[in-house]
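Counted from 1, the sequence shown has number 17 at position 17 by the working numbering; the numbering is strictly sequential. Built from N, CA and C at the ideal position, the CB exists for glycine as well. Here's the structure we're looking at; comments come further down.
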Amino acid sequence: MEYTIDVFFRQKWKDERLKFKGPMNILRLNNLMASKIWTPDTFFHNGKKSVAHNMTMPNKLLRIQDDGTLLYTMRLTVQAECPMHLEDFPMDAHSCPLKFGSYAYTTSEVTYIWTYNASDSVQVAPDGSRLNQYDLLGQSIGKETIKSSTGEYTVMTAHFHLKRKIGYFVIQTYLPCIMTVILSQVSFWLNRESVPARTVFGECTTTHFVVKRITFHSTLSKAFSFVMLTQ
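Quick look at the structure:
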């Protein structure tokens, strides 16, 4: 399963080299300055495709405080993987992760921390989380360290907890199948010599189940999307 998320991705760090004294406490810089200073090489571990928005200008924000603290915000659209177990379908619940961290810097060089708690670090827009097949129950955050052949890396994870809307599948799948099974029993009440009528009932029932199977699989494969703010 895949899901698409529109992210306002905020990162904050401190660079002692950028301290300054002046009439302003905060410098609001053009996004072109981001290429002239050091920025974290953050990437999404379970992302399959990520797009940075550039219309009408690159959607980036860069601010520097007088103590050297930087705030760097980007608007991204991320397509990520979400493993799902469908044993309890359609009463199933899932936790879709969004994992990110540094690509090249190890834990000894760059360490990520969440700025706030779960409800403040990851905020989902109320009007951006209306899903047709799922209810968004909430979100949680986590942090772990993974080891690879090149060293240890910090991985940050935001979990989105989803529960499937059972009413949608009762109407779209269960009720039609129940009605088809009931109608298929009509053929047993027909005269044994009414072969054409009995054949029509059997063929219609089989065709309906084949069509519902195809529709069911195409429905499950659909992706979902919502909007969030992470920092």
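Local conformation of residue i per DSSP, three classes
i      : result
Leu70  : strand
Val305 : Lying outside 1 to 231, the shown extent of the chain, residue 305 is not represented and no answer is given.
Gly138 : strand
Lys36  : helix
Cys96  : strand
Pro90  : coil
Ser50  : strand
Ser221 : For Ser221, the predicted model reports a pLDDT of 47, less than 50, meaning its position is unreliable and no value from the coordinates is stated.
Tyr153 : strand
Asp15  : coil
Gln133 : coil
Phe169 : helix
Asp6   : strand
Ser119 : helix
Which listed residue (the options) has its alpha carbon closest to that of residue i
i      : options                         : result
Gln65  : Lys14, Thr56 and Phe9           : Lys14
Glu144 : Ala158, Ser95 and Leu136        : Ala158
Gly167 : Asp135, Arg10 and Gln11         : Asp135
Met24  : Asn46, Asp67 and Asn30          : Asp67
Ile171 : Gln133, His94, Met55 and Ser194 : Gln133
Met91  : Asn191, Lys163 and Ser148       : Lys163
Thr42  : Pro126, Arg10 and Thr207        : Arg10
Distance, residue j Cα to residue i Cα
i      : j      : result
Phe160 : Ser140 : 7 Å
Lys99  : Val210 : 38 Å
Thr106 : Thr69  : 21 Å
His45  : Met74  : 18 Å
Leu29  : Gly142 : 32 Å
Glu203 : Tyr174 : 20 Å
Ala125 : Lys36  : 32 Å
Tyr72  : Asn117 : 19 Å
Glu109 : Ser102 : 10 Å
His85  : Leu137 : 18 Å
Own chain residues within Cβ distance below 6 Å of residue i, not counting five before or after
i      : result
Met51  : The amino acid at residue 51 is misidentified as Met; the sequence shows Val. Taken in chain order, the residues that qualify are Thr77.
Glu152 : Thr106, Thr107 and Thr145
Leu18  : Ile64 and Gly68
Ser95  : His159 and His161
Residue-chain proximity (residue i, chain C), Cβ-Cβ < 8 Å
i      : result
Tyr103 : No chain C appears in this structure, which consists of one protein chain only.
8 Å CB neighbourhood of residue i in its chain, flanking five on each side removed
i      : result
Glu258 : A question about residue 258 goes unanswered here, because the residues of the chain that appear run from 1 up to 231.
Cβ neighbours of residue i in the same chain (closer than 7 Å, five flanking residues each side left out)
i      : result
Ser221 : Below a pLDDT of 50, predicted positions are generally treated as unreliable, and Ser221, at 47, falls in that range; no measurement from the model is reported.
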